[in-house]
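Engineer: Got a structure for you, questions after.
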Amino acid sequence: MSIKKFQVTFDCADPERVARFWCEVLGYVAPSPPEGFASWDAYNDSLPAEERGAWFACSDPMGEGPRLYFQRVPEGKVVKNRVHLDVRVGTGLVGEERLAALEAECARLEALGAVKVRVLLADEENESCISMQDIEGNEFCLD
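Counting with the working numbering, you get residues 29 to 171 for the letters of the sequence shown.
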């Protein structure tokens with residue numbers, strides 16, 4: 029059986045803004061504008077008004093992680109996500125060292141507009157993690 033490539037799709041109000049947030053979080057890159065356009069603004073200006081800014085994407089520059097695709101939807105986020113990203117910043121760390129790494133990354137992401145929801149401290153089964161929300165309220169964890 030072969031490993032399949034996949035992308036993660038986000039419904040959102042402002043696809044480019046949310047995509048660029050996740051580029052900063054993950055070290056991903058935005059694609060070049062479509063052929064024949066000097067910028068994404070120029071591309072969007074060429075579209076009918078209802079199609080401008082309808083989607084944006086970003087990808088892992090190393091080609092290892094999944095592509096992230098952001099699509100505009102008319103409704104806002106109402107309930108908890110059923111799928112979320114775990115941003116792995118504490119892998120291999122335990123105790124206070126892990127919590128310090130998580131808190132440092134949390135502070136960086138808060139400066140980008142993310143919101144800390146709660147800190148889940150280590151117990152007998154799990155290491156510490158921090159539950160957060162991106163700039164449109166989508167949940168994710170620092171793990």
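Heads up, the beta-carbon is just placed ideally off N, CA and C, and yes, glycines get one too.
Can you tell which of 114, 153, 94, 65 has its C-alpha closest to the C-alpha of residue 85?
Structural biologist: Of 114, 153, 94, 65, the residue nearest in Cα terms is 94.
Engineer: Taking contact to mean at least 3 C-beta pairs separated by less than 8 Å, is the segment 56-68 in contact with the segment 109-123?
Structural biologist: Output reads no: the segment 109-123 does not touch the segment 56-68.
Engineer: Count the CB pairs spanning the segment 70-89 and the segment 123-135 that are closer than 8 Å, and state whether there are at least three.
Structural biologist: Flag = no, the segment 70-89 and the segment 123-135 do not touch.
Engineer: May I ask you to list the residues that DSSP assigns as paired with residue 100?
Structural biologist: In the DSSP output, where bridge partners are listed per residue, residue 100 has 40.
Engineer: Out of 150, 166, 144, 140, state which residue places its alpha-carbon closest to the alpha-carbon of residue 51.
Structural biologist: Ranking the options by Cα distance to residue 51, first place goes to 140.
Engineer: Restricting to Cα atoms, I'd like to know which of 169, 164, 171 is closest to residue 48.
Structural biologist: Ranking the options by Cα distance to residue 48, first place goes to 164.
Engineer: Under DSSP, the alpha helix (DSSP H) around residue 132 begins and ends at which residues?
Structural biologist: Looking at the DSSP string, the run of the alpha helix (DSSP H) that includes residue 132 is 123-139.
Engineer: If you follow the alpha helix (DSSP H) that residue 70 is in, where does it begin and where does it stop?
Structural biologist: Run containing residue 70: 68-73, per the alpha helix (DSSP H) assignment.
Engineer: Measure how close the beta-carbons of residue 101 and residue 39 come, nearest whole angstrom, since I'm counting them as under 8 Å.
Structural biologist: With 8 Å as the limit, residue 101 and residue 39 qualify as a contact, their Cβ atoms being about 4 Å apart.
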